[in-house]
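Participant: Residue numbering for the sequence shown follows our numbering, beginning at 77 and increasing consecutively.
First the structure, then my questions, so here it is.
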Amino acid sequence: MAAVEWMILCERAIIEAQAGTVSMMALVENVTLQAPPKELTSDGQTLLVPFRFYAVQQWLRSRPKKAEKPLARMLLVGPNNKELGHSDFTVDLSSTPKARVIIQSGGFPLMGEGPYKCIVQAKIGKTWRTLASTEFSVVFLQGAPIVKH
């Protein structure tokens with residue numbers, strides 16, 4: 077089974093097609109937000125944070141000379157350990173022993189402060205196996221009042 081060599085979260089990923097390189101800018105480790113008003117969170121509404129980020133991954137074949145095309149997915153798991161969403165994809169390792177995969181997220185559901193995990197899994201038979209994981213933390217600003225107009 078193919079492996080994920082590394083995965084990095086960033087706000088921008090630029091691919092240079094001719095050179096085969098990727099530049100990653102503004103690595104995502106923490107997302108600092110204004111705490112939502114109590115009236116929005118008390119009635120069970122899900123708030124969406126419009127924060128675009130990319131999960132850049134480098135995949136490797138399990139055997140350098142054997143082509144592979146694994147089915148994979150990336151899960152976003154909130155601080156409450158609930159899956160918030162996922163993106164399915166196929167990794168094409170048929171013509172090269174390495175491949176980069178870039179998954180874009182346009183935002184995420186806010187489930188409070190804490191770690192949000194990005195987990196990459198590959199399907200083996202009927203089961204999903206975790207190959208890589210990284211996370212970012214959501215932190216609320218303290219002491220800054222929300223101004224209502």
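Heads up, the beta-carbon is just placed ideally off N, CA and C, and yes, glycines get one too.
Nearest to Arg149 by alpha carbon, out of Gln218, Met77, Trp204, Thr108?
Facilitator: Measuring from the Cα of Arg149, the nearest candidate turns out to be Trp204.
Participant: Among Lys114, Val98, Phe129, Met100, whose alpha-carbon lies nearest the alpha-carbon of Asn106?
Facilitator: Out of Lys114, Val98, Phe129, Met100, Phe129 has the C-alpha closest to the C-alpha of Asn106.
Participant: With C-beta atoms as the reference, is Ser213 less than 9 Å away from Glu189?
Facilitator: Yes, the Cβ-Cβ distance between Ser213 and Glu189 is below 9 Å.
Participant: Quick one: any contact between the segment 124-143 and the segment 177-196, if contact means 3 or more CB pairs under 8 Å?
Facilitator: The segment 124-143, when compared against the segment 177-196, does touch it at the 8 Å Cβ threshold.
Participant: Roughly how many angstroms lie between the CA atoms of Ser99 and Met83, to the nearest whole one?
Facilitator: Straight-line Cα distance between these residues: approximately 13 Å.
Participant: Out of Leu124, Phe184, Pro191, Thr172, which one is the CA nearest neighbour of Lys145?
Facilitator: Checked all of Leu124, Phe184, Pro191, Thr172; the closest Cα to Lys145 is Thr172.
Participant: When you compare the CB positions of Ala89 and Met77, do they come within less than 9 Å of one another, or not?
Facilitator: No.
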